[in-house]
Amino acid sequence: MISKNRSAYFNEPVKPKIWSEAEIWDDAGKSKSELVARRNKQMQSELDVLAGRYPNNVAAVRAALDCLESCRLKKFDSGFCREALGKLLSHDKSLLKQKALCYLAYPPISRDDLEAMAKIASYTKKTVIAKSNNEDVDELLDLDAAKRIIEVVNGCLDVVRFPWLVDHEGYASQDTEELESARQFAIRSTALLMSTRQTESKRRSNEKKELESQVEAILTQLAFSKIPTKRLEASGDVHDAFERGQYMKECTVSKENTDYLIRLWDGRFLFIECKASNSEINSRKRLNKEVVKVAQKLTNVIGVSSLGACAMRGIFKPDYVSQAQSQGVFIFWAHNLIPLSDFINSAR
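Quick note, in full-length UniProt numbering, the sequence shown goes up one by one and the last residue is 348.
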């Protein structure tokens with residue numbers, strides 16, 4: 001009797017197709033063409049989204065700039081900074097005002113960088129206002145956290161958007177209308193920068209999510225069952241967690257993350273990384289560094305009979321695809337996932 005948790009092969013197990021160089025070049029071209037077509041189709045919808053998003057960003061940036069300027073007038077007094085920044089971060093469920101303050105800096109400061117540069121535990125309202133939620137606990141509060149946050153952002157202002165704040169001597173005009181015009185330019189350009197980043201982030205996220213949905217649809221069609229995600233440390237954990245015909249999404253195995261970990265009907269494991277790329281240079285990072293590394297580490301943990309694959313969407317340099325394939329990564333393209341479906345169905 002063959003154990004449900006161990007593989008036994010009487011014939012050479014089936015493997016996914018190895019693509020020729022000509023096939024890789026052909027598929028890379030098709031993948032690029034499809035990305036261009038998607039981008040052309042997205043343009044109008046993204047302009048429509050901008051029309052709705054931009055006014056909210058303008059309001060958030062204006063509030064952030066008001067906060068910064070008021071703190072400057074008070075010479076960065078700790079108590080005033082706590083009050084002003086605490087007010088900014090109040091009633092900010094979408095975190096737009098929190099993010100807007102970071103966008104006043106050039107380049108925009110990430111949350112992680114701001115926390116490190118300001119030496120704070122977290123960029124949150126609780127940290128900023130420095131008040132304990134529990135009066136019975138002697139909690140160590142950082143009363144200067146808000147002051148340091150404002151000072152970090154103030155030190156990163158650029159003269160292009162904020163000449164009246166950065167270059168006092170060079171910005172000689174005291175004309176109220178001219179100053180207000182410069183201020184409006186700063187607010188609008190910063191809001192547009194925020195909107196651009198939001199669109200770029202959504203594009204990247206959507207590309208990957210749509211690809212993941214394509215892969216999951218195939219697994220569903222082939223009667224594979226999804227099981228809850230959990231952390232797996234060793235080979236034994238992996239084998240014990242899965243019945244044949246089951247898969248786990250966004251799984252962590254021995255500190256390595258994989259988008260899909262699948263127990264094939266023949267007992268082997270297939271792990272699939274879903275990668276979207278918008279440039280050939282970016283494709284090297286996505287495929288040759290990230291996927292190859294994950295494939296090698298997971299193979300070492302799960303066993304040499306396990307298979308590593310990458311489902312790809314967007315622009316990938318054919319040479320990089322060939323290199324990844326030569327390092328043991330099986331390749332599947334979003335515009336033609338029939339080979340993936342055929343392989344999974346035949347691995348019995």
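C-beta atoms are modelled at their ideal positions from N, C-alpha and C, and glycine is treated no differently.
Helix, strand or coil: how does DSSP classify residue i here?
i, result
"D27", "helix"
"L109", "Here the sequence assigns Ile to residue 109, which means Leu is not the residue at that position. In the structure shown, I109 sits in coil (DSSP, three-state: anything other than H, G, I, E or B)."
"K119", "coil"
"D48", "helix"
"L114", "helix"
"R62", "helix"
"L104", "coil"
"L261", "strand"
"V137", "Interpretation of V137 is limited by its pLDDT of 43, a score under 50 that renders its predicted location unreliable; no figure is taken from the coordinates."
"S3", "Unreliable positioning characterises S3 in this predicted model, as indicated by a pLDDT of 46, which lies under 50. The coordinate reading is nonetheless provided below. The answer is coil: DSSP assigns S3 none of H, G, I, E or B."
"D266", "coil"
"D319", "helix"
"N57", "helix"
"K75", "coil"
"L85", "helix"
"L143", "coil"
Hey, quick one: how far does the beta strand (DSSP E) through residue i stretch, first residue to last?
i, result
"C156", "It is not in any beta strand (DSSP E) - C156 carries neither H nor E in the DSSP assignment."
"residue 396", "The chain is shown from 1 up to 348; residue 396 falls before or after that span and cannot be answered."
"F330", "V329 to W333"
For the alpha helix (DSSP H) that contains residue i, what are its first and last residues?
i, result
"I18", "No alpha helix (DSSP H) contains I18, which DSSP labels as neither H nor E."
"E273", "Here E273 belongs to no alpha helix (DSSP H); instead the beta strand (DSSP E) covers F269 to N278."
"S90", "First-last for S90: undefined, no H or E at that position."
"L298", "V292 to I302"
"A130", "Taken as a continuous stretch (DSSP letters only), A130 belongs to no alpha helix (DSSP H), as it is neither H nor E."
"F343", "I338 to S346"
"P13", "Premise fails: P13 is in no alpha helix (DSSP H) and is neither H nor E."
"L165", "P163 to V166"
Can you check which of these residues, the options, is closest to residue i by C-alpha distance?
i, options, result
"A118", "I150, A84 and L95", "I150"
"A145", "A130, F316 and E34", "A130"
"E46", "K32, K202 and K74", "K202"
"L307", "S277, Y320 and F343", "F343"
"F316", "Q198, S279, V301 and T299", "S279"
"E34", "P318, D319, T229 and R313", "R313"
"Q98", "K297, Q246 and L68", "L68"
"R244", "F269, T258, R82 and T196", "F269"
"F185", "V58, P318 and R263", "V58"
"S326", "R348, G267, A295 and L337", "A295"
"L264", "N300, V321 and S305", "S305"
"T127", "R148, C156 and P108", "R148"
"A347", "Y320, G303, D167 and G267", "G267"
"C310", "K293, G303, V301 and N300", "K293"
"A223", "S341, D77, V301 and K93", "S341"
"N206", "K32, S31 and Q42", "Q42"
"N56", "Q198, Q221 and T258", "Q198"
"Y54", "I262, I187 and L261", "I187"
"E256", "A241, K297 and T220", "K297"
"S225", "A241, A37, V152 and Q246", "Q246"
"P339", "L219, M248, E83 and T299", "L219"
"N336", "L73, I24 and L85", "I24"
Legend entry - Whole alpha helix (DSSP H) elements within the region 170-255, 4-residue minimum: 176-221 and 235-241
Legend entry - Touch test, the region 188-198 against the region 100-110, Cβ-Cβ under 8 Å, three pairs minimum: yes
Inset, instruction - Evaluate contact between the region 238-254 and the region 284-293, counting only Cβ atoms and requiring at least three cross-stretch pairs below 8 Å. - result: no
Legend entry - contact_flag[the region 172-187, the region 230-237] where n(CB pairs < 8 Å) is 3 or more: no
Inset, instruction - Could you tell me whether the region 199-219 touches the region 267-275, using the rule of 3 or more Cβ pairs below 8 Å? - result: yes
Legend entry - Cβ contact (3+ pairs, closer than 8 Å) linking the region 14-22 and the region 162-169: no
Inset, instruction - Decide if the region 84-92 is in contact with the region 106-117; the criterion is three or more beta carbon pairs, one per stretch, under 8 Å apart. - result: no
Inset, instruction - Count the CB pairs spanning the region 219-231 and the region 328-336 that are closer than 8 Å, and state whether there are at least three. - result: no
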